[in-house]
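S.K.: One structure coming up, written as structure tokens, with questions to follow.
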């Protein structure tokens, strides 16, 4: 090629997207380019002759892209549907995995830490789809990555979410083991994650407390610690995408109190939960209605139980939460057994089959 002032600036053999990325300073990831393809794009520019993918660190733009996609996925998970959440992150996770496979050193660890966080979101999506085995598989992967990286917040969040799966599977001893293991890491974490970890410890201990007042009080102490963090802590987002809030804490505390037949205290906890419920957290509203229904049923108040279940069913169907529908159906079956022919039970049955 003839050297000239014109062709000197033309990228030799570079595709159009690479030209756009370099000329307009567009993060390569937004154009579907990996750092492997665009080896010289990043703050960690490799030395001359270095192989593609050998940059010291991932570019700020690349990490920000994955952070934003992860945030979008979590927002959809909490406020919309698990299907939309999954669709929003599938492609970006595929791109991330490709980046990870070719990275080395610190850069590989950066991508691995991000993969750990994506795995945690995928785990919850599969859990809500009732794919418990797949959910546990994803979370186990997150736990392995977190311990390999020796990152306290990743360890705490991964164990927290695995404990939640164990509770779903009624593996309460395993849930408590994870909850107790994560507490030292929770104490090294920022307040949103720390509060949620203490909430989980309260839940897991609550399932195994039985009639032991000492274990019941131990569970309550964990819940109270979580509530203290929710009231007085710095709850600015910490990247864990957990939501430490009084509503979720008191919902779970009420569930525990109901299981111990401490119904008056359970209703007080539910009242605090409802008072602090944020309108946009529809998932929390379903959980609150289900907790209310459980407490009413434990007191043989079938009418109030069915009313709460009817509301919960409507929301669960609107935002596609099959796991919550399953809980509604389970409580309905108990109502039907306890009060066959009750008008409220019949009304709920019609709603379930519609």
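In the working numbering, the protein residues as written are 16 to 369. Cβ coordinates follow ideal geometry from the N, Cα and C atoms, glycine included.
(1) Could you tell me the distance, in whole angstroms, from the CA atom of residue 244 to the CA atom of residue 250?
(2) Looking at residue 299: is its Cβ nearer than 8 Å to the Cβ of residue 262?
(3) How would you call residue 353, buried or exposed, if buried means at least 16 neighbouring beta carbons within 10 angstroms?
(4) To the nearest whole angstrom, what separates the beta carbons of residue 84 and residue 103, a pair I think is in contact under 8 Å?
(5) Going along the chain, which residues of its own chain have a beta-carbon closer than 7 Å to the beta-carbon of residue 115, five neighbours each way excluded?
(6) Let me know if residue 301 comes out buried or exposed under the rule of 16 or more other beta-carbons within 10 Å of its beta-carbon.
(7) Leaving out five residues on either side along the sequence, give the residues of the same chain with a beta carbon under 6 Å from the beta carbon of residue 215.
(8) Which residues in the same chain as residue 295 place their Cβ atom closer than 7 Å to its Cβ, once the five residues preceding and following it in sequence are excluded?
(9) Comparing alpha-carbon positions, which option in 316, 305, 280 lies nearest residue 329?
(10) To the nearest angstrom, how far is it from the Cα of residue 267 to the Cα of residue 218?
(11) Among 173, 164, 76, 188, which residue has its Cα nearest to the Cα of residue 197?
(12) On a Cα-Cα basis, can you pick out the residue from 327, 358, 333 that is closest to residue 345?
(13) Would you tell me roughly how many angstroms separate the C-alpha atoms of residue 365 and residue 318, rounded to the nearest one?
(14) From residue 132 to residue 314, what does the alpha carbon distance come to, in whole angstroms?
(15) Secondary structure at residue 299, three-state DSSP: helix, strand or coil?
(16) If distances are taken between C-alpha atoms only, which option among 369, 144, 203, 204 comes closest to residue 101?
(17) Cα-Cα, which of 165, 134, 201, 141 is closest to residue 155?
(18) Give me the Cα-Cα distance between residue 336 and residue 139, rounded to the nearest whole angstrom.
(19) So, at 8 Å on beta carbons, what are the nonlocal neighbours of residue 78 in its own chain, with the 5 sequence-adjacent residues on each side left out?
(20) Give the straight-line distance between the Cα atoms of residue 234 and residue 191, rounded to the nearest whole angstrom.
(21) Taking only beta-carbon atoms, is residue 103 less than 8 Å away from chain B?
(22) Confirm, please, whether the CB-CB distance from residue 147 to residue 111 is below 8 Å.
(23) Any idea if residue 168 is buried or exposed, counting beta-carbon neighbours within 10 angstroms, 16 or more meaning buried?
(24) Provide the residue span of the alpha helix (DSSP H) that contains residue 334, from first to last.
(25) Taking the alpha-carbon of residue 320 as reference, which of 361, 290, 332 has the nearest alpha-carbon?
(26) State the Cα-Cα distance for the pair residue 105 and residue 226, rounded to the nearest angstrom.
M.R.: So, to answer that:
(1) Against the chain shown, residue 244 aligns to sequence position 229. Against the chain shown, residue 250 aligns to sequence position 235. Each residue's Cα considered, the two are about 8 Å apart.
(2) What you label residue 299 is simply residue 284 of the chain shown in a count that begins at 1. What you label residue 262 is simply residue 247 of the chain shown in a count that begins at 1. A contact, by the Cβ cut-off of 8 Å.
(3) The residue given as residue 353 occupies position 338 in the chain shown. The residue is exposed, with fewer than 16 neighbouring Cβ atoms inside 10 Å.
(4) For the purposes of this step, residue 84 is taken as residue 69 along the chain shown, with counting starting at 1. For the purposes of this step, residue 103 is taken as residue 88 along the chain shown, with counting starting at 1. Confirmed, about 7 Å.
(5) Against the chain shown, residue 115 aligns to sequence position 100. Excluding its 5 nearest sequence neighbours in each direction, residue 115 has C-beta neighbours in its own chain below 7 Å: 123, 126, 127, 130, listed in chain order.
(6) Here the question's residue 301 lines up with position 286 in the chain shown. Residue 301 is buried by the Cβ-count criterion.
(7) Translated into the one-based positions of the chain shown, residue 215 becomes position 200. The residues are 175, 178, 194.
(8) As a position in the chain shown, residue 295 is number 280, starting the count at 1. 94, listed in sequence order.
(9) Taking the chain shown and counting its residues from 1, the one referred to as residue 329 is at position 314. It is 305 whose Cα lies nearest to the Cα of residue 329.
(10) Locating residue 267 in the chain shown gives position 252, where the first residue counts as 1. Locating residue 218 in the chain shown gives position 203, where the first residue counts as 1. About 6 Å.
(11) For this step, residue 197 is matched to residue 182 along the chain shown. Sorting 173, 164, 76, 188 by C-alpha distance to the C-alpha of residue 197 places 173 at the top.
(12) Within the chain shown, the letter at position 330 stands for residue 345. Among 327, 358, 333, the Cα nearest to that of residue 345 is on 327.
(13) Looking up residue 365 in the chain shown gives position 350. Looking up residue 318 in the chain shown gives position 303. As the crow flies, the alpha-carbon of residue 365 is around 15 Å from that of residue 318.
(14) If you number the chain shown from 1, residue 132 lands on position 117. If you number the chain shown from 1, residue 314 lands on position 299. The straight-line gap from Cα to Cα measures roughly 41 Å.
(15) Here residue 299 refers to the residue found at position 284 when the chain shown is read from its first residue. Of the three classes helix, strand and coil, the one that applies to residue 299 here is helix, per DSSP.
(16) Sequence index remark: in the chain shown, residue 101 carries index 86 (1-based). The shortest C-alpha separation from residue 101 is found at 144.
(17) If you number the chain shown from 1, residue 155 lands on position 140. Per the Cα distances, 134.
(18) By 1-based counting over the chain shown, the position of residue 336 is 321. By 1-based counting over the chain shown, the position of residue 139 is 124. If I take the Cα positions, the gap works out to 12 Å.
(19) If you number the chain shown from 1, residue 78 lands on position 63. Cβ within range, chain order: 125, 129.
(20) Along the chain shown, read from residue 1 onward, the residue named residue 234 stands at position 219. Along the chain shown, read from residue 1 onward, the residue named residue 191 stands at position 176. Computed Cα separation, rounded: 11 Å.
(21) Considering every chain present, this structure includes no chain B. It has just one protein chain.
(22) Here the question's residue 111 lines up with position 96 in the chain shown. Here the question's residue 147 lines up with position 132 in the chain shown. Taking 8 Å as the Cβ cut-off, residue 111 and residue 147 do not qualify as a contacting pair.
(23) On the chain shown, residue 168 is found 153 positions in, with the first residue counted as 1. When all chains shown are included, residue 168 counts as buried.
(24) On the chain shown, position 319 is the one that residue 334 refers to. That residue, residue 334, is in no alpha helix (DSSP H); it is neither H nor E in DSSP.
(25) Numbered from its first residue, the chain shown carries residue 320 at position 305. The residue with the shortest Cα to Cα distance from residue 320 is 361.
(26) In the chain shown, the residue the question calls residue 105 occupies position 90. In the chain shown, the residue the question calls residue 226 occupies position 211. When the Cα atoms are used, residue 105 and residue 226 turn out to be separated by approximately 45 Å.
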